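Student: Numbering (our numbering), first residue to last: 740 to 899. Note that the Cβ used here is the ideal one computed from N, Cα and C, for glycine as well. Computed from a predicted model, the values in this text were never measured in an experiment.
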Amino acid sequence: MTQLAYAQLITFVLTMMGGIIIFIVSQIALKLVIEPVQQLKGAIGQTANTLLRYQAKITNVATDEEVSAAVKGHAAELMSKAEVISGYRLARRIFRLPSRVDIRSAAQELNLISYSLLSAYTQHQQPFERPLNIFQLSADNSKALAKIGKLLKVSTSYSS
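1) Report buried or exposed for Asn799, applying the criterion of at least 16 other Cβ atoms within 10 angstroms of its Cβ.
2) Does the beta-carbon distance from Leu836 to Leu779 come in below 9 Å?
3) Can you grab the Cα-Cα spacing for the pair Val776 / Lys882, in whole Å?
4) So, Leu849 versus Ile887, is the Cβ gap smaller than 9 Å?
5) Using the rule of at least 16 other Cβ atoms within 10 Å of the residue's Cβ for burial, across every protein chain shown, is Val901 buried or exposed?
6) Taking the alpha helix (DSSP H) that Ile767 belongs to, which residues open and close that run?
7) Exposed or buried, which one is Val806 when buried takes at least 16 other CB atoms within 10 Å?
8) Buried or exposed for Val840, please, with buried defined as at least 16 other CB atoms from any protein chain shown within 10 angstroms of its CB.
9) Apply the 10 Å Cβ neighbour rule to Pro870 and answer buried if 16 or more other Cβ atoms are within range, or exposed otherwise.
10) Can you give me the C-alpha to C-alpha distance between Ile763 and Ser825, rounded to a whole angstrom?
11) Any idea if Ala830 is buried or exposed, counting beta-carbon neighbours within 10 angstroms, 16 or more meaning buried?
12) Tell me where the alpha helix (DSSP H) around Ile852 begins and ends.
13) Have a look at Ile842, Ser894, Tyr897 and Val810 and flag the residue whose alpha-carbon is nearest the alpha-carbon of Leu857.
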């Protein structure tokens with residue numbers, strides 16, 4: 740084998756190995772970071788969608804088991820989607836994600852909203868407590884919506 744043919748073979752092998760290594764590294768980045776980030780952003784968007792869609796029920800503290808379950812599901816989904824992102828601190832900076840602390844706080848607010856919409860919660864109130872408590876819950880839910888919007892960096896209200 741001539742020296743030229745040998746050099747071409749080495750170049751071919753190194754090029755192929757380099758291509759394979761780049762492919763493997765890109766797939767690792769895709770599966771461990773990029774796809775989970777997209778899923779988290781999707782979950783944040785779905786959460787905002789639910790909060791906007793049911794804003795009137797949430798702020799008026801209308802008893803609705805279905806909405807309560809949906810809001811509670813979003814809380815769990817946000818937490819789980821954030822947990823699977825490898826290198827979250829770096830991904831947070833690159834993709835402008837909320838911090839894990841902000842996601843946890845938003846999930847807690849979502850759980851409080853969810854609880855306020857349960858019929859079992861309102862049934863345990865005394866008749867004389869209900870009007871005052873409903874006004875307080877309404878105010879609390881409105882504040883929670885605003886807080887969730889700031890924490891997740893999304894719109895949760897149609898007003899500015």
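Tutor: A quick look at the data gives this:
1) So Asn799 ends up on the exposed side.
2) yes
3) C-alpha of Val776 to C-alpha of Lys882: approximately 27 Å in a straight line.
4) yes
5) Only positions 740 to 899 of the chain appear in this structure, which leaves residue 901 out of reach.
6) Gln742 to Ala768
7) buried
8) exposed
9) At Pro870 the pLDDT is 49, less than 50, meaning the model places this residue with poor confidence; the figure from the coordinates comes in the next sentence. Per the 10 Å Cβ criterion, exposed.
10) 16 Å
11) buried
12) Arg839 to Ser855
13) Val810
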